[in-house]
Each structure stands twice: as structure tokens, then as C-alpha cells.
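Chemist:
In the working numbering, the protein residues as written are 24 to 384.
(1) Can you tell me whether residue 9 is buried or exposed? The criterion is at least 16 other CB atoms within 10 Å of its CB, across all chains shown.
(2) Under three-state DSSP, which class holds residue 302?
(3) Could you name the residues of the same chain whose beta carbon sits closer than 7 Å to that of residue 212, not counting the 5 residues immediately before and after it, in chain order?
(4) Could you say which of 342, 103 and 373 lies nearest to residue 218 if we only look at CA atoms?
(5) Taking the beta strand (DSSP E) that residue 361 falls in, what are its first and last residues?
(6) Can you tell me the Cα-Cα spacing of residue 214 and residue 354, whole angstroms?
(7) Report the three-state DSSP secondary structure of residue 373 (helix, strand or coil).
(8) Can you tell me whether DSSP reads residue 296 as helix, strand or coil?
(9) Are the CB atoms of residue 279 and residue 304 nearer to each other than 7 Å?
(10) Return the residue from the list 338, 366, 282 and 149 that minimises the CA-CA distance to residue 264.
(11) Can you check whether the CB of residue 347 is closer than 7 Å to the CB of residue 134?
(12) For residue 132, count the other beta carbons within 10 Å of its own beta carbon; 16 or more makes it buried, fewer makes it exposed. Which is it?
(13) Kindly list the residues whose CB is nearer than 6 Å to the CB of residue 117, restricted to its own chain and excluding five residues on each side of it in sequence; keep chain order.
(14) Hey, is the stretch 269 to 277 in contact with the stretch 191 to 201, meaning 3+ C-beta pairs nearer than 8 Å?
(15) For residue 282, which residues of its own chain have a beta-carbon under 7 Å away from its beta-carbon, when the five flanking residues on both sides are left out?
(16) Closest to residue 286 by C-alpha separation, out of 324, 321, 342 and 313, would be which residue?
(17) Identify the continuous beta strand (DSSP E) that holds residue 283 and give its terminal residues.
(18) Is it the case that the Cβ atoms of residue 208 and residue 126 are separated by a distance below 7 Å?
(19) Please work out which residues of its chain come closer than 8 Å, Cβ to Cβ, to residue 221, disregarding the five sequence neighbours upstream and downstream, and give them in chain order.
(20) Count the other CB atoms within 10 Å of the CB of residue 113; is the residue buried (16 or more) or exposed (fewer)?
(21) If you scan the stretch 205 to 269 from start to end, which runs of the alpha helix (DSSP H) of 4 or more residues do you find wholly inside it?
(22) From this set, 262, 87, 152 and 306, which residue's C-alpha is nearest residue 237's C-alpha?
(23) Look up residue 50 in the DSSP assignment and say whether it is helix, strand or coil.
(24) What's the gap between the Cα of residue 368 and the Cα of residue 299?
(25) Check for me: the alpha helix (DSSP H) holding residue 139 runs from which residue to which?
(26) Going by beta carbon distance, what residues of the same chain come within less than 7 Å of residue 372, once the five residues before and after it are set aside?
(27) Distance, Cα to Cα, residue 235 vs residue 171?
(28) For residue 70, which residues from the same chain have a beta carbon less than 6 Å from its beta carbon, with the 5 sequence-adjacent residues on both sides left out?
(29) Among 120, 107 and 151, which has the Cα closest to the Cα of residue 320?
(30) Hey, could you find the ends of the beta strand (DSSP E) residue 115 is sitting in?
(31) List the DSSP bridge partners of residue 328.
(32) Taking the CB atoms as reference points, tell me whether residue 186 and residue 97 lie closer together than 7 Å.
(33) Tell me which residue opens and which closes the beta strand (DSSP E) that residue 340 is part of.
(34) For a test of the three-state rule: what should DSSP assign to residue 353, helix, strand or coil?
(35) Under three-state DSSP, which class holds residue 75?
Put into C-alpha cells, the structure is as follows:
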């Protein structure tokens with residue numbers, strides 16, 4: 024019996040080692056060089072285009088491990104800033120699990136990509152995933168790269184799920200290409216870029232407006248984003264044994280005439296518990312509760328977008344460890360009524376200490 028257990032343990036270690044080796048080679052910082060070189064481009068009248076548009080596209084397609092919506096927003100911010108450093112037109116091509124424009128529309132900058140118009144151009148995929156062995160190498164590359172000359176290709180499809188904003192600040196090109204970035208704090212930069220790029224599309228706006236007008240009359244809207252995490256896949260963000268601290272905080276607002284409650288979470292059990300405890304005050308949106316990084320459902324994606332939009336409009340907002348919730352706070356752009364849950368405590372916090380407190384950016 025002991026011998027069998029040793030064999031099983033040995034085989035398990037081999038399997039884990041092989042997986043890590045595979046990830047090391049698949050999630051490389053720089054993809055293999057493309058086999059094409061940019062060709063001259065011409066107007067329809069046959070004259071040469073002297074300064075053809077080049078593109079940098081934030082990419083999340085079916086074969087990518089894009090993770091959750093907060094991770095995707097980090098990727099979008101990184102890619103947008105790199106597009107400014109490289110002098111390329113920015114775009115977003117997200118089809119995993121469905122098109123981003125199903126829920127959000129461009130605000131002040133058009134990021135929608137007509138991929139069929141780019142397919143004839145010279146392209147390259149560029150990957151920057153957070154493999155532990157390469158993490159420092161990636162940040163060093165971002166800090167020192169001359170993005171204007173790094174790639175000759177017409178179109179770069181940028182794949183990442185990381186926040187490289189601090190490293191981009193340290194790049195020598197930033198002072199000239201993105202001078203405003205040095206004037207903004209991290210939270211201000213995220214809030215500015217999110218508002219620059221996105222606005223809810225008509226369907227999302229209708230859903231949010233109808234929810235709030237139906238359920239929140241003249242009351243104060245009190246919200247909690249309770250990120251639980253998934254045991255065995257994700258880090259456990261909020262232990263079930265500590266949920267009572269969050270419920271105790273919400274019980275401060277148990278006057279139904281003055282307060283309305285909204286609890287966003289990634290676990291059905293937590294949502295059910297909140298509804299049971301606050302049945303006379305709580306309201307909910309439609310859609311499936313699940314983790315985006317493991318779901319292929321557009322309904323899950325839609326619900327996450329709607330929930331984040333609601334969180335940006337809360338009068339009182341309490342956050343657990345979550346990038347999505349933190350970016351909602353950045354977009355909300357006020358410290359008034361902002362609270363953090365950390366180590367069995369709920370306390371007032373600021374948007375500038377969120378990423379340091381939770382160490383997730």
C-alpha cells in the first residue's frame with residue numbers, strides 16, 4: 024500500500040512538473056516572430072500611403088486564458104497605454120465568451136475592430152501572461168522597450184491579463200508620449216481610461232436604469248461586492264467563516280425607508296444568504312452567477328458588466344479583494360462612503376490605498 028502511494032505521489036509530481044514546463048514555453052513573454060513583413064499600402068486611386076495606420080489590439084479570444092472581467096480591464100488599460108507609446112491605433116477584439124460590444128459601447132475613443140479589414144495586413148501575436156518565472160522579466164521589458172520600433176508588423180494582437188501601469192510610468196517614452204500619466208495616481212488613471220473608452224450600450228443602460236428606478240426610490244444605495252473565489256482554482260478571497268463581519272456591517276443600514284441594498288458576489292450560496300438576511304431591502308439583477316474565467320456563458324459576462332455598473336453608482340460601497348470591485352471604485356471616483364473588508368474588519372478606505380491593501384494590481 025505504501026509503495027502504491029509513493030508511486031502515485033511520484034507520478035503526480037511528474038505531471039505537475041510537465042505542466043509547469045509546458046506553461047513556461049506556451050506563456051512566453053514574446054511570441055515567435057511573424058513570418059511576414061509589412062508591405063506598401065495604397066489608396067484606391069493607386070497612390071502610396073506614406074504613413075499607414077498601424078494597430079495595437081487588446082485581444083481575448085476563445086483559446087486565450089483571459090481570466091475575469093477585472094483582469095481583462097487591467098489588460099485593456101495596459102494595451103491602451105502601450106498603443107500611445109507605440110503610436111498605434113488602439114482597438115479591442117474580445118470574443119471570449121462573446122463580443123464585448125454586446126454590453127459596452129465606445130465612449131470618446133472608438134475601440135471596435137473590424138478584424139476582416141486587418142486580416143490582409145502583416146500581423147503578430149504578443150503574449151504577456153504572469154508566469155512567475157518571467158514576471159520580473161516582463162516588467163523590465165515594459166520599462167525599457169522602445170515600442171515605436173519593437174515590432175515592424177502592421178497589426179499587433181496583444182494578449183495579457185496584467186497591470187503594467189507602474190512599469191509604463193517608468194518607461195522613458197512616457198514623459199513625451201503620455202505626459203498626463205505622471206500627473207494621475209493609479210486610481211485616477213484607471214478611472215480616466217475606463218470613462219474614456221467605455222459607456223454602457225443601450226441594452227446595458229436600459230437594464231441598469233430600470234433596476235435602479237424600480238428598486239431605489241429616494242433611498243441611499245448601499246452595496247457590497249463579496250468576492251469569494253473558487254477553492255481549487257482561485258485563491259479563496261473571503262472565507263465563509265468571516266462573512267458575518269460583512270453582514271454585521273450591512274445590518275447598520277437596516278432601515279427600509281432610508282436604505283436599499285445590493286450585494287454582488289461570485290457564489291450563489293453567498294447571494295442566497297444575503298437575500299435571506301436582508302429580504303426586505305435587497306434587490307438583484309438577472310443572469311447566471313459564475314466565474315468568468317471558467318464560464319462560456321454570455322449571461323455570466325452580461326451580469327458582471329451590469330453589476331460593475333451598479334457598483335459605480337452606489338452611495339456606500341464595501342469591497343472585498345477583487346480587481347473588478349476596485350476598478351468600480353476607481354470609476355466611481357470618490358472616497359465618500361467607501362469601505363474595505365480586510366482581515367475580519369470593515370473600515371473606511373480610499374481609492375488610492377485599495378491596490379496596496381489587497382495587493383491585486
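From the three backbone atoms N, C-alpha and C, an ideal C-beta is built for every residue, glycine too.
Modeler: Quick look at the numbers:
(1) Because the chain here runs from 24 to 384, residue 9 falls outside it and cannot be looked at.
(2) coil
(3) 188 and 204
(4) 103
(5) 361 to 365
(6) 4 Å
(7) coil
(8) helix
(9) yes
(10) 366
(11) no
(12) exposed
(13) 83 and 123
(14) no
(15) 242, 243, 245, 276 and 304
(16) 342
(17) 282 to 288
(18) no
(19) 127, 128, 129 and 130
(20) buried
(21) 209 to 220 and 225 to 238
(22) 306
(23) For residue 50, the pLDDT reaches just 38, beneath the cut-off of 50, and the residue's location in the model is therefore unreliable, leaving the point undetermined.
(24) 22 Å
(25) 138 to 141
(26) 361, 362, 363 and 380
(27) 46 Å
(28) Here residue 70 scores only 49 on pLDDT, less than 50, and its place in the model should not be relied on; the value that follows carries that caveat. Result list for residue 70: empty, nothing under 6 Å.
(29) 120
(30) 112 to 117
(31) Beta-bridge pairing links residue 328 to no other residue.
(32) yes
(33) 339 to 342
(34) helix
(35) coil
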